[in-house]
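Novice:
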Amino acid sequence: MDTTQDQAVRLLGEADRAGREVERRAPKEYVPFIGWGLFNAIVIPGFDVFDPRVWGLVTIGIAVTGVVATLAYFAIRSARVEVKMRSPWWTWPVLGLWGALASFAAPVLEDDIGFAYTLAGWIAAVPLLAWALHLRKRA
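Numbering (the numbering used here), first residue to last: 8 to 146.
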């Protein structure tokens, strides 16, 4: 059975649409980097504004929610689509260590700099957001 040119064009169009739909539903590796970058840039500076004991509990709650959301994002979106990671395995540990160093520096500098947590949060956020942008451009 021969396929006419119109049928071939229609079948190729359907295949292209199906491929775009699969890509749309697949997890995007850059999404959690954006989320954690925003967490650092927005939540960590709260220690400069609010009572640290109260804000610490809020931060822990947001962080736990973020971990669950990150894991759920990949689990749900990876259920039917193979995930092709573009980041080397050491990306999260290196960026996590960078964020931890910035976070540990904030209380040390707090007496000298009134906005130490804001500075630390932004310093921790920049590499995460830059890496997300890099991944987004490669996607």
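Note that CB positions come from ideal geometry on N, CA and C, so glycine has one too.
1) Please classify W96: does DSSP put it in a helix, a strand, or coil?
2) As an exercise, report each continuous alpha helix (DSSP H) stretch of at least 4 residues that is fully enclosed by the segment 28 to 111, in chain order.
3) Ignore the nearest five residues each way along the sequence and tell me which others in E36's own chain have a CB closer than 7 Å to its CB.
4) Mind reading off the beta-carbon distance from W107 to A127? Whole number of angstroms is fine, and I expect it under 8 Å.
5) For A22, name the three-state secondary structure that DSSP assigns.
6) Under 6 Å Cβ to Cβ from F40, same chain only, skipping five residues before and after it: list those, please.
7) Report yes if the C-beta distance between A76 and G42 is below 9 Å; otherwise report no.
8) Are the CB atoms of P34 and Y124 within a distance shorter than 9 Å?
9) Please determine, among L104, D55, G63, the residue with the shortest C-alpha to C-alpha distance to D118.
10) Take A70 as the anchor and find which of V88, I83, N47 has the nearest alpha-carbon.
11) Just to check my reading of the structure: V74 and R32 have Cβ atoms closer than 8 Å, yes? What is that Cβ distance to the nearest angstrom?
12) Let me know the secondary structure DSSP gives D119 once reduced to three states.
13) In or out: G103 buried (at least 16 other Cβ within 10 Å) or exposed?
Specialist: Quick answer:
1) Taking the first residue of the sequence shown as position 1, residue 96 is located at position 89. If DSSP states are grouped into helix, strand and coil, W96 belongs with coil.
2) The segment 28 to 111 contains these whole alpha helix (DSSP H) runs: 37 to 45, 53 to 56, 59 to 84.
3) On the sequence shown, residue 36 is found 29 positions in, with the first residue counted as 1. Around E36: M92, R93, S94, L142.
4) Your numbering for residue 107 matches position 100 in the sequence shown. Your numbering for residue 127 matches position 120 in the sequence shown. Sequence check: residue 107 is Ala here, not Trp. About 10 Å separates the Cβ atoms of A107 and A127, ruling out a contact at the 8 Å cut-off.
5) Position 15 of the sequence shown holds residue 22. When DSSP states are grouped into helix, strand and coil, A22 belongs to the helix group.
6) Walking along the sequence shown from the start, residue 40 turns up at place 33. Excluding five sequence positions before and after F40, the CB atoms of its chain that fall closer than 6 Å to its own CB belong to L135, W138, A139, given in chain order.
7) For the purposes of this step, residue 76 is taken as residue 69 along the sequence shown, with counting starting at 1. For the purposes of this step, residue 42 is taken as residue 35 along the sequence shown, with counting starting at 1. In this structure, A76 lies near G42, with their beta-carbon atoms less than 9 Å apart.
8) Locating residue 124 in the sequence shown gives position 117, where the first residue counts as 1. Locating residue 34 in the sequence shown gives position 27, where the first residue counts as 1. Taking C-beta atoms as the reference points, Y124 and P34 fail to come closer than 9 Å.
9) Within the sequence shown, the letter at position 111 stands for residue 118. Nearest C-alpha to D118: D55.
10) Residue numbering aside, residue 70 sits at position 63 when the sequence shown is read from its first letter. The shortest CA-to-CA distance from A70 to any of V88, I83, N47 is the one to N47.
11) The residue given as residue 74 occupies position 67 in the sequence shown. The residue given as residue 32 occupies position 25 in the sequence shown. Wrong, their Cβ atoms sit about 23 Å apart, outside the cutoff.
12) As a first step, residue 119 must be located in the sequence shown, where it is residue number 112. DSSP, read as helix, strand or coil, puts D119 in coil.
13) Here residue 103 is taken as the residue at index 96 of the sequence shown, counted from 1. It counts as exposed.
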